[in-house]
Amino acid sequence: MTTIIETNRLYLREFTVEDAEHFFYMNNDFDVIKHTGDTPFDSINDAKMFLKDYNQYKLHGMGRWAVCLKEDNTFLGWCGLKYHPKEKLVEVGYRFYKKFWNNGYATESAKASIKYGFENLKLKDIYAHCHIDNLASQKVIEKCGLSFLNNGIYDNMPAKLYKTKNPYLNVKKISANETHILRHPVLRAGRPIEDCIFDGDTLKTTYHLGLYFKKELIGVVTLMKNKHDFYSEKSQYQLRGMAILHAYQKKGLGELLILEAEKLLKDLQTERLWLNAREIAVSFYKNQGYNINGDAFQIPKIGLHYTMSKKFI
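In this text, residue positions in the sequence shown follow the working numbering: the first is 206, and each later residue adds one.
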């Protein structure tokens, strides 16, 4: 039994098969599940099978966790983070025995789960949803600092969607030398540091952006004024040296650098941004709205690349 989070009154731990009885009784209370879209378990054994098959901790390093009182280990309900692979987002959710409602447990555990997601998992943002008629849940979500996005359909029911961004992440302009320090382990590992210096790094028309987690530089990107013969626009910039430290990869954090870069270039009236994308990065740039132009080509000592671009004007 692994404890994940502790708060003043509570601790959140991984589920065990012994929690099956609680899952069975909670989900057989109509008031508990009426706004969730879930159905009751037919038996305690069905709840056991659900818990035996629960693999979110191993798959995604997160999941729903049992919420228990510190003072006597009472099982109150569950709360935690769920990764949705199709939408590529993480949401916070919670469910409690009705007899424990109105004690602030949902807010306390949800706030702790969000903090864990941002500080420990370095998530870019966290979402939440609730039925449009579930006013109590909406209050919890708002107390946790999430902002309303829109109304939609979730589990075939009308729902409100909320979102909050990681407050420990920020993007700012940095120097060329700072980009070299991070380019090296990510893009030129095992090669001389000089290989991390690009022609044009120090030009006045070149911009370097750094992504920080708290005070740690974890990502960089460089924008160079450079025209590609494939495109006709007069005002073009090239994106170069996009790098995120390995410990922070596969969290969607590169999107923050791309968005800030595009904002900067749009303010400069740039017509097109282009780049030579590594083969493994093509899907990432496609998700950001970039298109492949031309055939694949090799860059010596680095590998297969594709020219991709996005037109702004």
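Even for Gly, the Cβ is constructed at its ideal location relative to N, Cα and C.
Exercise. Do L256 and V376 have their CB atoms nearer than 8 Å?
Worked result: By one-based count along the sequence shown, residue 256 stands at place 51. By one-based count along the sequence shown, residue 376 stands at place 171. No, Cβ-Cβ distance for L256 and V376 is not below 8 Å.
Problem set entry | Contact check, G242 vs N361, beta carbons under 8 Å | Mapped onto the sequence shown, residue 242 falls at position 37. Mapped onto the sequence shown, residue 361 falls at position 156. For G242 and N361, yes; Cβs fall inside 8 Å.
Exercise. If you scan the stretch 224 to 308 from start to end, which runs of the alpha helix (DSSP H) of 4 or more residues do you find wholly inside it?
Worked result: Within the stretch 224 to 308, the runs of alpha helix (DSSP H) that reach at least 4 residues and sit entirely inside it are, in chain order, 225 to 232, 235 to 238, 249 to 257 and 261 to 265.
Exercise. Can you list, in chain order, the residues of its chain whose CB lies under 7 Å from that of N456, leaving out five sequence neighbours each side?
Worked result: Position 251 of the sequence shown, counted from the first residue, corresponds to residue 456. Inspection of the sequence shows that residue 456 is occupied by Lys rather than by Asn. Same-chain partners within the cutoff: K327, L328 and K329.
Exercise. Can you tell me the Cα-Cα spacing of E223 and Y262, whole angstroms?
Worked result: By 1-based counting over the sequence shown, the position of residue 223 is 18. By 1-based counting over the sequence shown, the position of residue 262 is 57. Going by the C-alpha atoms only, they are around 17 Å apart.
Problem set entry | Length of the line joining the Cα atoms of I358 and K291 | In the sequence shown, the residue the question calls residue 358 occupies position 153. In the sequence shown, the residue the question calls residue 291 occupies position 86. Cα to Cα, I358 sits roughly 15 Å from K291.
For this session: Just mark E523 as buried or exposed, buried being the case when its beta carbon has 16 or more other beta carbons within 10 Å.
Result: Outside the displayed range of the chain (206 to 518) lies residue 523, so it cannot be described from this structure.
Problem set entry | Option nearest A381 by Cα separation, candidates G395, I319 and R445 | Residue numbering aside, residue 381 sits at position 176 when the sequence shown is read from its first letter. Among G395, I319 and R445, the Cα nearest to that of A381 belongs to R445.
Problem set entry | Whole-number beta carbon distance between F229 and Y259, since they are thought to touch under 8 Å | Walking along the sequence shown from the start, residue 259 turns up at place 54. Walking along the sequence shown from the start, residue 229 turns up at place 24. Between F229 and Y259 the Cβ distance is about 15 Å, and since that is not below 8 Å, they are no contact.
Exercise. At which residues does the beta strand (DSSP E) containing I449 begin and terminate?
Worked result: Within the sequence shown, numbered from 1, the residue matching residue 449 stands at position 244. That run of the beta strand (DSSP E) goes Q441 to I449.
Exercise. Which residues mark the beginning and the end of the alpha helix (DSSP H) in which V391 is found?
Worked result: Here residue 391 refers to the residue found at position 186 of the sequence shown. Per DSSP, V391 belongs to the alpha helix (DSSP H) from A381 to L392.
Exercise. Can you check whether the CB of L351 is closer than 8 Å to the CB of A369?
Worked result: For the purposes of this step, residue 369 is identified with residue 164 of the sequence shown, where counting begins at 1. For the purposes of this step, residue 351 is identified with residue 146 of the sequence shown, where counting begins at 1. The sequence as given places Thr at residue 369; Ala does not occur at that position. Contact: yes.
Problem set entry | Strand pairing of F353, partner residues [DSSP] | Along the sequence shown, read from residue 1 onward, the residue named residue 353 stands at position 148. Partner(s): Y367.
Problem set entry | Sequence-distant residues of the same chain with beta carbon closer than 8 Å to H451, five excluded per side | Walking along the sequence shown from the start, residue 451 turns up at place 246. Closer than 8 Å at the Cβ level, and outside the excluded window around H451, lie P390 and V391.
Exercise. Where does R388 land, buried or exposed, given buried means 16+ other C-beta within 10 angstroms?
Worked result: As a working mapping, residue 388 is identified with position 183 in the sequence shown. When all chains shown are included, R388 counts as buried.
For this session: Could you tell me whether the Cβ atoms of E476 and S440 are closer together than 8 Å?
Result: Translated into positions along the sequence shown, residue 476 becomes position 271. Translated into positions along the sequence shown, residue 440 becomes position 235. Closer than 8 Å, so yes.
Problem set entry | Separation of N250 from R372, as counted between CA atoms | Taking the sequence shown and counting its residues from 1, one reaches residue 372 at position 167. Taking the sequence shown and counting its residues from 1, one reaches residue 250 at position 45. According to the sequence shown, residue 372 is Pro rather than Arg. Approximately 42 Å between the Cα atoms of the pair.
For this session: Name the two residues that bound the continuous alpha helix (DSSP H) containing E324.
Result: As a first step, residue 324 must be located in the sequence shown, where it is residue number 119. Taken as a continuous stretch (DSSP letters only), the alpha helix (DSSP H) holding E324 covers Y310 to E324.
Problem set entry | Given L478 as reference, the closest of I485, I497 and F301 once Cα atoms are compared | Taking the first residue of the sequence shown as position 1, residue 478 is located at position 273. Ranking I485, I497 and F301 by Cα distance to L478 puts I497 first.
For this session: Compare the C-alpha of I463 against each of V425, Y436 and D500 and name the closest.
Result: Here residue 463 refers to the residue found at position 258 when the sequence shown is read from its first residue. Checked all of V425, Y436 and D500; the closest Cα to I463 is V425.
Exercise. Can you give, in chain order, each stretch of the alpha helix (DSSP H) that sits fully within the stretch 448 to 489 and has at least 4 residues?
Worked result: 459 to 472
Exercise. CA-CA distance, W283 and A333?
Worked result: Taking the first residue of the sequence shown as position 1, residue 283 is located at position 78. Taking the first residue of the sequence shown as position 1, residue 333 is located at position 128. Distance between the alpha carbons of W283 and A333: 15 Å.
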